[in-house]
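Here is the structure we will look at.
Next comes the structure, spelled out in structure tokens:
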């Protein structure tokens, strides 16, 4: 039985947060996937995969509340897997209440914990039941602002093999006025930098524009900050790899997420890409303010 050679991922999380899309992404990467497997069968399933003589080296299992009374035994099943010597990763998918309610209304489905009542009641009950699993999860993805394709891409980055075996890094710019990304591992607040919003001809642009970048980095304070921040990242990222981390989310925020955070995120992404990390750079809020011009 080849337990060490089996890569095993358990997908769980809130109903409507994107478990199906996550499983489809792993299927595209060659994982053998099983949807809605009762937790009591987890150990047996893993043993069968390990006995397949290499035919199944990567497997993913979706476990969620559709398992009914069996779902309550998931934590115990995960513990048993680890005791048996299997290498296991738990992926937890989350989203805001508002987003989940909207998705349920669009799909016209009932929530499994509130089939005759309000969707919100079911979501809140589910959050409470899943809290222990969220705490023990190896990776958490907040799908609030992700399309289905963006989620599949992020899962692929997370569990795919990065360049040269390096850690995959997601750099996300955001606006504090819209909330901090829930899945951030490292947060940097750059609101201390001069704000292009107060320069009229820069206001409708974003930090991806060279004019904005020249303004943001056109002073000694910004240049010294970038030198120190990039040096910090260069120092700590290899140590995350040594600890076994396969994916890191860096959140960089300014007030509206349109100018300063975008420019910094672009520079960080370029710096890490040059060092052969598998990089994705996303600007969560950059387009929210352009029409209204309110990205202070």
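Numbering (the numbering used here), first residue to last: 1 to 296. No residue lacks a Cβ here, since even glycine has one placed at the ideal position from N, Cα and C.
Residues of its chain near residue i, where Cβ-Cβ distance is below 7 Å and the 5 sequence neighbours each way are ignored
| i | result |
| --- | --- |
| residue 160 | 29 |
| residue 43 | 77, 80, 81 and 84 |
| residue 132 | 75 |
| residue 267 | 226 |
| residue 97 | 120 and 123 |
| residue 73 | 39 and 40 |
| residue 223 | 217 |
| residue 26 | 9, 33, 60, 155 and 159 |
| residue 219 | 194 |
Assigned exposure category for residue i - 16 Cβ within 10 Å defines buried
| i | result |
| --- | --- |
| residue 200 | exposed |
| residue 263 | buried |
| residue 284 | buried |
| residue 293 | For residue 293, the predicted model reports a pLDDT of 48, less than 50, meaning its position is unreliable and no value from the coordinates is stated. |
| residue 238 | exposed |
| residue 246 | buried |
| residue 105 | exposed |
| residue 195 | buried |
| residue 207 | buried |
| residue 289 | buried |
| residue 193 | buried |
| residue 307 | For the chain, the structure presents residues 1 to 296; residue 307 sits outside this window and is missing. |
| residue 23 | buried |
| residue 107 | exposed |
| residue 126 | buried |
| residue 143 | buried |
| residue 164 | Reliability fails at residue 164, whose pLDDT of 39 lies under 50, so the model's placement of it is uncertain and the value that follows must be treated cautiously. So residue 164 counts as exposed. |
Residue of the options minimising C-alpha distance to residue i
| i | options | result |
| --- | --- | --- |
| residue 99 | 91, 89, 90 and 119 | 119 |
| residue 204 | 287, 232 and 156 | 287 |
| residue 56 | 37, 45 and 133 | 45 |
| residue 135 | 3, 75 and 34 | 75 |
| residue 36 | 230, 107, 53 and 13 | 13 |
| residue 191 | 181, 246 and 225 | 225 |
| residue 158 | 277, 116 and 104 | 277 |
| residue 297 | 90, 229 and 242 | Not covered by the structure: residue 297. The range shown for the chain is 1 to 296. |
| residue 197 | 23, 168 and 213 | 213 |
| residue 188 | 251, 110, 142 and 180 | 251 |
| residue 138 | 8, 116, 229 and 103 | 8 |
| residue 167 | 243, 41 and 2 | 243 |
| residue 169 | 126, 147 and 241 | 241 |
| residue 65 | 25, 128, 31 and 223 | 128 |
| residue 180 | 41, 249, 218 and 116 | 249 |
| residue 141 | 279, 4, 11 and 2 | 11 |
| residue 94 | 112, 146 and 228 | 146 |
| residue 183 | 53, 54, 52 and 92 | 92 |
Chain-order list of residues whose beta-carbon lies under 6 Å from that of residue i (same chain, five-residue window excluded)
| i | result |
| --- | --- |
| residue 114 | 121 and 122 |
| residue 282 | 172 |
| residue 265 | 171, 173, 252 and 281 |
| residue 103 | 16 |
| residue 279 | 169, 269, 272 and 273 |
| residue 162 | Summary for residue 162: the model assigns pLDDT 44, below 50, so the residue's position carries little reliability; its value from the coordinates is reported in the next sentence. Excluding residues within five positions, the ones whose Cβ falls inside 6 Å are 168 and 278. |
| residue 230 | 271 |
| residue 3 | 50, 85 and 86 |
| residue 186 | 250 |
Near the ligand SAM: residue i beta-carbon under 7 Å from a heavy atom
| i | result |
| --- | --- |
| residue 213 | Of the ligands one can find in the structure shown there are none, so the ligand SAM has no counterpart to examine. |
Cutoff 8 Å: residue i Cβ touching any chain C Cβ
| i | result |
| --- | --- |
| residue 77 | Reference to chain C is not applicable here, since this structure consists of a single protein chain. |
Contacts around residue i, its chain only, beta-carbon distance under 8 Å, and the 5 residues preceding and following it disregarded
| i | result |
| --- | --- |
| residue 6 | 46, 49, 50, 56, 57, 58, 59, 86 and 87 |
| residue 34 | 45, 59, 60, 61 and 62 |
| residue 101 | 119, 120 and 123 |
Count the C-beta pairs between the segment 170-177 and the segment 253-273 that are closer than 8 Å, then say yes if the count reaches three, no if not.
yes
List in chain order: all unbroken alpha helix (DSSP H) runs of 4+ residues lying wholly within the segment 144-181.
148-159
Pairs of beta-carbons, one from the segment 138-153 and one from the segment 15-34, closer than 8 Å: are there three or more?
yes
Is there contact between the segment 225-241 and the segment 264-279, where contact requires at least three CB pairs shorter than 8 Å?
yes
Going residue by residue through the segment 33-90, where are the continuous beta strand (DSSP E) segments of at least 3 residues, counting only ones entirely within it?
58-62
Tell me the start and end of each unbroken alpha helix (DSSP H) in the segment 220-251 that is at least 4 residues and wholly inside, in chain order.
Uninterrupted alpha helix (DSSP H) stretches at least 4 residues long and entirely within the segment 220-251 occur at 220-242, given in chain order.
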